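Chains as they are written, first to last, in the working numbering: chain A, 33 to 284; chain B, 276 to 763. Cβ atoms here follow ideal geometry from the backbone N, Cα and C, with glycine treated the same way. The model shown is predicted, which means the values in this text are computed figures rather than measured ones.
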């Protein structure tokens with residue numbers, strides 16, 4: 033059974049059809065890169081999968097571990113192991129980063145019928161993850177994303193992912209706006225989390241992230257559909273020739 | 276009758292009002308005990324009767340009558356932002372007390388104690404989590420004052436106002452009405468005429484009060500206005516922290532609450548006054564609820580004194596309240612930290628006044644307003660720099676958070692600066708809980724309701740930090756309960 037099976041997915045935003053029959057299968061342990069030009073529907077895919085309001089699915093299905101993912105509320109999807117690393121992580125003033133993460137962590141455990149961790153246990157877990165992610169302690173004491181640099185926000189997303197240990201991680205343009213050092217840090221974090229039980233969907237515009245996180249599959253998304261699939265070499269080809277001319281219906 | 280309340284008992288901390296609040300307004304129960312009291316109506320005779328019931332000295336009776344006569348001449352206040360049904364002052368009963376006048380806690384009506392249990396202040400529980408002494412006011416009479424002995428050893432006086440008038444008349448006479456004069460405003464005048472009880476605190480020179488002092492006020496009897504009078508005097512170099520928490524049972528009628536709180540800080544004295552207020556706000560249709568018209572004022576009478584107000588308000592149908600500080604002493608400091616939450620049809624018009632008289636006086640105002648439902652939340656603040664306030668400074672920050680599309684937030688800052696060396700700063704922001712914030716939380720597994728309370732809590736952080744620990748926890752829970760159903 034595929035961990036994630038997307039079949040003929042159609043979705044609208046503000047009345048405009050963005051996804052036009054997208055199909056994709058992802059198995060545990062795999063890293064898939066979704067590439068494509070601006071406006072192709074990459075971020076829409078991430079938002080539909082994680083259940084953001086305002087995205088209307090008009091046809092098709094998404095099955096995750098055998099269940100209908102689209103029927104679940106966003107928080108239930110999170111509890112089921114779906115994680116979206118935001119392209120633009122959101123600031124929540126005054127809410128401590130650790131507190132936020134513990135609330136999320138425990139809410140998910142509670143939903144799964146698992147025991148919640150108290151603050152001491154949780155702090156221990158967080159410190160272990162910090163070490164793996166090479167993130168400074170100081171980040172824990174700040175408010176969620178408030179006053180973070182672009183790089184810090186993205187690393188915080190990866191750090192959250194490390195703590196929440198999702199089965200399916202969707203990274204929405206996690207590389208955008210990062211300088212090369214920040215990109216490497218983020219990539220190291222992602223690589224540290226690769227495991228046979230976990231799948232990644234990396235949405236990206238550029239191939240440079242793929243130099244650091246080497247995908248098993250690369251898909252080209254254009255005009256709301258996957259128009260071409262291949263291995264890492266496809267990404268290199270794209271870089272050389274651009275998106276123009278790839279697949280049918282791809283915009284010039 | 277005997278209103279003596281001379282018991283000591285240990286309290287299980289301040290564990291909270293909010294904690295026992297259920298899904299809806301769980302404090303909305305009514306204690307079924309026989310009441311004695313005056314029939315509705317207000318006249319000179321009513322005032323005399325109250326004074327007589329309380330066995331007050333003649334000067335006190337005259338003081339009340341003076342206030343009453345003044346009140347008769349005063350026009351009813353009119354506020355632009357509050358929509359108030361006319362109040363029939365003749366329909367209110369001005370004195371209600373539990374029938375059995377308790378002499379000690381052992382004699383306190385069990386039904387009454389149960390009421391306190393529900394509110395989370397089990398007076399008879401002697402377990403020693405301690406640290407908080409409570410003067411519990413049940414309608415008009417204090418039924419139990421705890422920790423009196425320990426406080427007395429430190430020289431601290433903490434008792435009901437009625438008792439203070441009898442036991443410490445010279446102190447009461449010296450300070451009562453010295454901060455809020457009887458004719459200060461319509462409701463202060465009414466309170467001065469008919470106040471039935473309240474708390475009195477006196478911290479002598481150089482004493483640091485050994486524990487947090489706390490009063491739970493509770494309105495119980497139907498159609499009874501409650502008029503507490505609180506007076507706190509901190510002598511030279513003394514420190515005191517006072518906590519006030521309030522709940523009222525659910526009623527269809529609107530009830531009137533017109534309290535007066537006076538604080539006096541002499542040289543180098545510090546008073547910290549914290550309030551968590553969840554008077555019944557009315558139901559989701561705007562029916563019922565408390566009218567809360569309160570005059571709270573502190574007087575930094577001595578140099579280098581400091582008065583700090585911290586309040587978290589979620590209750591009342593209508594709130595009209597401006598805890599103020601008169602910065603009389605040089606280098607004195609006034610602070611006001613406030614969270615006011617309104618939901619459904621609540622109307623709040625709150626804020627503060629900082630009156631700078633002394634040199635190099637400083638004041639800081641942090642006001643956080645949260646509006647949900649169809650409520651209206653106004654901040655009204657006055658900063659006044661008088662001629663002699665050389666080098667005085669004020670910093671004001673007003674932040675409003677809107678939840679939903681039908682509520683309103685308004686800010687009315689007033690500034691009067693008569694000294695060119697004074698500095699007044701004002702910052703204001705209005706924000707909404709954004710869809711992005713909600714989705715971010717939910718995508719991490721946090722439910723909508725928890726996300727809202729988390730975001731609101733973050734918004735209030737600056738104020739909650741000022742509250743004593745247990746109160747901060749209580750305040751947070753109170754906001755959570757009050758915001759239930761605010762989204763979705």
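Whole-angstrom distance between residue j and residue i, CA atom to CA atom
| i | j | result |
| --- | --- | --- |
| residue 105 of chain A | residue 676 of chain B | 26 Å |
| residue 480 of chain B | residue 513 of chain B | 6 Å |
| residue 226 of chain A | residue 589 of chain B | 48 Å |
| residue 767 of chain B | residue 595 of chain B | Any property of residue 767 of chain B remains undetermined from this structure, which presents chain B solely from 276 to 763. |
| residue 519 of chain B | residue 319 of chain B | 31 Å |
| residue 485 of chain B | residue 142 of chain A | 42 Å |
| residue 45 of chain A | residue 93 of chain A | 17 Å |
| residue 335 of chain B | residue 539 of chain B | 20 Å |
| residue 259 of chain A | residue 56 of chain A | 11 Å |
| residue 346 of chain B | residue 442 of chain B | 28 Å |
| residue 482 of chain B | residue 654 of chain B | 36 Å |
| residue 97 of chain A | residue 36 of chain A | 6 Å |
| residue 607 of chain B | residue 343 of chain B | 34 Å |
| residue 78 of chain A | residue 642 of chain B | 39 Å |
| residue 419 of chain B | residue 430 of chain B | Below a pLDDT of 50, predicted positions are generally treated as unreliable, and residue 419 of chain B, at 43, falls in that range; the measurement from the model is reported next regardless. Approximately 19 Å between the Cα atoms of the pair. |
| residue 428 of chain B | residue 580 of chain B | 24 Å |
| residue 268 of chain A | residue 114 of chain A | 29 Å |
| residue 744 of chain B | residue 95 of chain A | 47 Å |
Selection from the options that minimises the alpha carbon distance to residue i
| i | options | result |
| --- | --- | --- |
| residue 200 of chain A | A:47, A:81, A:73 | A:81 |
| residue 370 of chain B | B:361, B:316, B:339, B:599 | B:316 |
| residue 133 of chain A | A:155, A:120, A:90, A:103 | A:155 |
| residue 247 of chain A | A:257, A:219, A:259 | A:219 |
| residue 650 of chain B | B:618, B:624, B:636 | B:618 |
| residue 118 of chain A | A:48, A:111, A:264, A:206 | A:206 |
| residue 86 of chain A | A:204, A:167, A:43, A:203 | A:43 |
| residue 33 of chain A | A:123, A:116, A:59, A:50 | A:59 |
| residue 542 of chain B | B:578, B:343, B:435, B:689 | B:578 |
| residue 660 of chain B | B:640, B:624, B:694 | B:694 |
| residue 426 of chain B | B:668, B:647, B:489, B:641 | B:489 |
Contacts that residue i makes with chain B (C-beta to C-beta distance below 7 Å)
| i | result |
| --- | --- |
| residue 107 of chain A | 717, 720, 721, 722 |
| residue 235 of chain A | In chain order: nothing, as chain B lies at least about 15 Å away. |
| residue 122 of chain A | 711, 712, 715 |
| residue 84 of chain A | 714 |
| residue 140 of chain A | 720 |
| residue 110 of chain A | 718, 719, 720 |
| residue 231 of chain A | Per Cβ cutoff of 7 Å: no residues; residue 231 of chain A is ~17 Å from chain B at best. |
| residue 175 of chain A | 733 |
Classification of residue i by the beta-carbon crowding that lies within 10 angstroms, buried from 16 upward
| i | result |
| --- | --- |
| residue 273 of chain A | exposed |
| residue 223 of chain A | exposed |
| residue 527 of chain B | Residue placement at residue 527 of chain B cannot be trusted, given a pLDDT of 44 that sits under 50; what the coordinates show is reported in the next sentence. By the 10 Å Cβ count, residue 527 of chain B comes out exposed. |
| residue 277 of chain B | With a pLDDT of 36 at residue 277 of chain B, under the threshold of 50, the modelled position of this residue cannot be trusted; read the value that follows with caution. Residue 277 of chain B is exposed by the Cβ-count criterion. |
| residue 230 of chain A | buried |
| residue 746 of chain B | buried |
| residue 621 of chain B | buried |
| residue 566 of chain B | buried |
| residue 628 of chain B | buried |
| residue 164 of chain A | exposed |
| residue 330 of chain B | exposed |
| residue 572 of chain B | buried |
| residue 333 of chain B | exposed |
| residue 516 of chain B | buried |
| residue 276 of chain A | exposed |
Contacts of residue i in chain B (Cβ-Cβ under 8 Å)
| i | result |
| --- | --- |
| residue 228 of chain A | What residue 228 of chain A touches in chain B: nothing, since even the nearest Cβ is about 24 Å away. |
| residue 204 of chain A | Correct list: empty, because the minimum Cβ distance to chain B is about 11 Å. |
| residue 116 of chain A | 718 |
| residue 143 of chain A | 720 |
Chain A residues whose Cβ lies nearer than 9 Å to that of residue i
| i | result |
| --- | --- |
| residue 751 of chain B | Near residue 751 of chain B there are no residues of chain A at all, since even the closest Cβ is about 12 Å away, more than 9 Å. |
| residue 678 of chain B | Going along chain A, no residue has its Cβ under 9 Å from residue 678 of chain B, so there is no contact; the nearest lies around 15 Å. |
Residues that residue i contacts on chain A, provided the C-beta gap is smaller than 8 Å
| i | result |
| --- | --- |
| residue 734 of chain B | 125, 126 |
| residue 725 of chain B | 135, 139 |
| residue 730 of chain B | 124, 127 |
Partners in chain B for residue i, counting only beta-carbon separations shorter than 9 Å
| i | result |
| --- | --- |
| residue 192 of chain A | 719 |
Does the region 711–724 of chain B touch the region 136–144 of chain A, meaning 3 or more C-beta pairs lie closer than 8 Å? yes
Count Cβ pairs between the region 141–151 of chain A and the region 172–181 of chain A that sit closer than 8 Å; are there 3 or more? no
How about the region 65–72 of chain A and the region 250–259 of chain A: do they share at least three Cβ pairs that are nearer than 8 Å? yes
When you compare the region 534–551 of chain B with the region 707–714 of chain B, are there three or more beta-carbon pairs, one atom per stretch, that lie closer than 8 Å? no
Counting pairs of Cβ atoms below 8 Å between the region 655–665 of chain B and the region 623–641 of chain B, do you hit three or more? yes
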